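Down below is the structure, laid out as structure tokens.
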Amino acid sequence: MSHLSPEIRARCEELLALYPHPRSALIPICHVAQEQDGWLTPEAIAEVAELVGVTPAEVLGTAGFYDMLHTEPVGRYLVAICTNIACLLRGAEELLAHAEERLGIGVGDTTPDGLFTLEDAECLADCGRAPCLQVNHRFFGNLDPAAFDQLVEDLRAGRLDGEVPPHGTLIRVRRAGGLRVDPARVAAERRAMAERVAAEEAASGQGGKEDGR
Amino acid sequence: MTVTEAPRIVTSRMGYEDSHTLARFLATGGYEGLRKALQMSPAEVAAEVDAASLLGRGGAGFPAGRKWSMLRKGPLPYLVVNGDESEPATFKDHLLIERDPHQLIEGVVIAAYALQVAQAFIYIRGEFALGLERVQEALNEAYEHGAVGEDIFGSGFSLDIVVHPGAGAYICGEETALLESLEGKRGFPRIKPPYFPAAIGLYGQPTVVNNVETVSNLPWIIRQGAAAFTALGGGRSAGTRLFALAGHVRRPGVYELEMVKTTFRDLIYDPSLGGGIPEDRALKAFIPGGVSAPWLGPEHLDTPLGQDEVAALDTMLGSGSVVVMDETTCAVRAAWRITKFFHRESCGQCTPCREGGGWLEKVLRRIEDGAGREEDLDLLMDVCDNIAPGVSWPPAQTTICVLGPSIPSSIASGIRMFRDEFLQHLKEGGCPHG
Chain A
0 MSHLSPEIRA RCEELLALYP HPRSALIPIC HVAQEQDGWL TPEAIAEVAE LVGVTPAEVL
60 GTAGFYDMLH TEPVGRYLVA ICTNIACLLR GAEELLAHAE ERLGIGVGDT TPDGLFTLED
120 AECLADCGRA PCLQVNHRFF GNLDPAAFDQ LVEDLRAGRL DGEVPPHGTL IRVRRAGGLR
180 VDPARVAAER RAMAERVAAE EAASGQGGKE DGR
Chain B
0 MTVTEAPRIV TSRMGYEDSH TLARFLATGG YEGLRKALQM SPAEVAAEVD AASLLGRGGA
60 GFPAGRKWSM LRKGPLPYLV VNGDESEPAT FKDHLLIERD PHQLIEGVVI AAYALQVAQA
120 FIYIRGEFAL GLERVQEALN EAYEHGAVGE DIFGSGFSLD IVVHPGAGAY ICGEETALLE
180 SLEGKRGFPR IKPPYFPAAI GLYGQPTVVN NVETVSNLPW IIRQGAAAFT ALGGGRSAGT
240 RLFALAGHVR RPGVYELEMV KTTFRDLIYD PSLGGGIPED RALKAFIPGG VSAPWLGPEH
300 LDTPLGQDEV AALDTMLGSG SVVVMDETTC AVRAAWRITK FFHRESCGQC TPCREGGGWL
360 EKVLRRIEDG AGREEDLDLL MDVCDNIAPG VSWPPAQTTI CVLGPSIPSS IASGIRMFRD
420 EFLQHLKEGG CPHG
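Chains as they are written, first to last, in numbering that gives the first Met the number 0: chain A, 0 to 212; chain B, 0 to 433.
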């Protein structure tokens, strides 16, 4: 019995078809699988492994390397506050301290109601609006304590549901259709091209170390 | 010196709210560069880009044309676009990805045509949720429009593009780590040689990896010609470049400026750019090209924004991000935070980086907290010397990739420029900045 819903499984299979080697789909599939529970449960990991054709340990070992793939439960809203240099210079440490107090949790913790998990993030590449943070990887910038409180209130009240899906949902735009180019035809063309170039080079007596065009 | 009236090459649509849509793109010259490229031979397109002297905009500044020419002959080579922008204080590709995804796609197709690639991957930093959605949406539109897919614009050339999300790891910006990640593995940089994926890249096949901004320049270069591009800038630094300005300035943001003709002083102080430091406080130091770069001081403000001009000061223009630190900044805390970043993001393969980064972070933290020891400054430099022997620039390398050797930059800069401030922390048993 599949742990992933038929809809999520179908999307995983679409992803598999986009790559020359199935393992390349591992990370995109983990993102999609994470949508189901908000994190990668052991059941989800086993199913990803089966889809990609590797062992669950390989999926776990890969997922564990990446900050965005969670193998422990996280809250509905993952609040990641950047504290790297650009934000540090514009009040990030004060913002993080305020967030800890306001949410009543430390970095890495989740509120008892399961709503918020707090992270101390590395640079999120939104330094023009420092200090900044992400909620479920959606940006909010130019924050001070008052703006942070407002943000938390809006999230609690569901006023940002349209902008900020629950944690785990990353890309809401689905690819329209699979690959269009027939790889067998391209491979044949390329082989012919390579042979032609090699023949020309042999004819002109060059070693072929130079520019390949 | 005044800011030059250079054309906007990659940010021409930023004034439009709907800059990311196909309708706006087509109304503003979109896909015309591609149509023109498809009238040329692949070799002619490659020659045009080579003639434009387009230096890679990712950080290393390697000429794009030369990178292309290294592509080995072989079946099915791949093109990979590096959109994993994670160098602290660098946020220019973020802008291009979210606000002009069609320009990026047009650039990808032009590059793919020149290289005769049948499949391209756009690897986008996982945290860019909106960017990922925007590029996927644009790609769906581009397929529909006939700009991607089978027989593009009736030219006979066919290409598939896949948008691939990263999952949160700075190291994946290193091109061989990015390829590992794209193969579904941990982002471990590959052992060199081979130095370039052009020899052995994705799935062991010849691969070109180009940065988002680099690729985004291609439609303009093809439309206007290489000569128009090299007419801008100076020396080896042709064209314009995006500068991400952050930290203590009134107007942080991304600015497209003509290279070499503009200086750090213009970028930081011009009212139309950074607008100066809040409350007119004094400049203490600035980081010229991402946190991997050694710092510069006020005496270097008139340095032109050019690759070789900045390299002459034993630092780098790198990723084009400039971090401004005013007189209220604690040099120890700044160096500590940057070092903490590198320690966290070390992939762990090489001992000098994995262990050294952690030691340096701890020593800097105890100095900042007032628990430093007299010998700590020597200790810091000694550990730095073990990671990058000589602590010079460009750094000597003891590791597989340049992450480790980048760690000493901020520490050595801090100690060299602000030794008294480090000593003050030791003497006073804490941070004088509070």
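Think of the CB as a built atom: it goes at the ideal place given N, C-alpha and C, for glycine as much as any other residue.
Computed from a predicted structure; not experimentally measured.
Buried or exposed for residue 85 (chain A), going by 16 or more other Cβ atoms inside 10 Å? buried
Going by beta-carbon coordinates alone, are residue 202 (chain B) and residue 166 (chain A) separated by less than 8 Å? no
Would you kindly check if the distance between the Cβ of residue 175 (chain B) and the Cβ of residue 318 (chain B) is under 8 Å? no
Where the beta strand (DSSP E) through residue 206 (chain B) begins and ends: 206-210
Considering only their Cβ atoms, is the gap separating residue 91 (chain B) from residue 212 (chain B) smaller than 8 Å? yes
Checking the sheet assignment: what are the DSSP bridge partners for residue 3 (chain B)? Paired residues: none, contrary to the question.
For residue 61 (chain A), would you say it is in contact with chain B, using Cβ-to-Cβ distances shorter than 8 Å as the test? yes
Any C-beta of chain A within less than 7 Å: which residues of the region 74-106 of chain B qualify? 74, 75, 84, 85, 87, 88, 89, 90 and 93
For residue 18 (chain B), which residues from the same chain have a beta carbon less than 7 Å from its beta carbon, with the 5 sequence-adjacent residues on both sides left out? 12, 98 and 99
With the cut-off set at 8 Å, would you say residue 112 (chain B) and residue 41 (chain B) are in Cβ contact? yes
May I ask you to report which of helix, strand or coil DSSP gives residue 213 (chain B)? helix
If we ignore side chains and look at the alpha-carbon of each, how far apart do residue 376 (chain B) and residue 366 (chain B) end up? 9 Å
What separation, rounded to the nearest whole angstrom, lies between the Cα atoms of residue 63 (chain A) and residue 168 (chain B)? 11 Å
CB-CB under 8 Å to residue 208 (chain A), same chain, minus the five flanking residues each way: which ones, in chain order? With a pLDDT of 43 at residue 208 (chain A), under the threshold of 50, the predicted position of this residue should be treated as unreliable, though the coordinate-derived value follows. So the list is empty, once near-sequence residues are dropped.
Anything in chain B within Cβ reach of residue 125 (chain A), meaning under 8 Å, just list it in chain order. 90 and 93
Pull up the distance between the alpha-carbon of residue 118 (chain B) and that of residue 78 (chain B), whole angstroms please. 7 Å
With 8 Å set as the bound, which would you pick, yes or no: does the beta-carbon of residue 401 (chain B) sit closer than that to a beta-carbon of chain A? no
Would you verify that the beta carbon of residue 166 (chain A) is, or is not, closer than 8 Å to some beta carbon of chain B? no
How about the region 191-199 of chain B and the region 27-47 of chain A: do they share at least three Cβ pairs that are nearer than 8 Å? no
Taking 8 Å as the cut-off, decide whether the C-beta atoms of residue 11 (chain A) and residue 26 (chain A) are in contact. no
Figure out for me which residue from B:143, B:163 and B:251 has the closest Cα to the Cα of residue 83 (chain B). B:163
Please check the pair residue 355 (chain B) and residue 403 (chain B), which I expect to be a contact at CB under 8 Å, by giving their CB distance rounded to whole angstroms. 7 Å
Chain-order list of residues whose beta-carbon lies under 7 Å from that of residue 385 (chain B) (same chain, five-residue window excluded): 351 and 355
So, does the region 408-415 of chain B touch the region 279-296 of chain B, judging by three or more C-beta pairs under 8 Å? yes
Do you know offhand how far residue 392 (chain B)'s Cα is from residue 361 (chain B)'s? 24 Å
On the criterion of 16 or more Cβ atoms from any shown chain inside 10 Å, does residue 232 (chain B) qualify as buried, or is it exposed? buried
Can you list the residues of chain B that residue 25 (chain A) reaches, using a CB-CB cut of under 9 Å? 182, 183 and 184
Can you tell me the Cα-Cα spacing of residue 92 (chain A) and residue 308 (chain B), whole angstroms? 35 Å
Inter-residue spacing [alpha-carbon to alpha-carbon] between residue 407 (chain B) and residue 82 (chain A): 20 Å
Measuring straight from C-alpha to C-alpha, what distance separates residue 54 (chain B) and residue 125 (chain B)? 26 Å
Would you mind working out which of A:24, A:4 and A:109 sits nearest residue 71 (chain A), comparing C-alpha positions? A:109
Scan the region 230-258 of chain B for residues whose Cβ lies nearer than 7 Å to a Cβ of chain A and list them as they occur along the chain. 243, 245, 246, 247, 251, 252 and 253
Same chain, Cβ closer than 7 Å to residue 34 (chain B), five either side skipped, listed in chain order: 152
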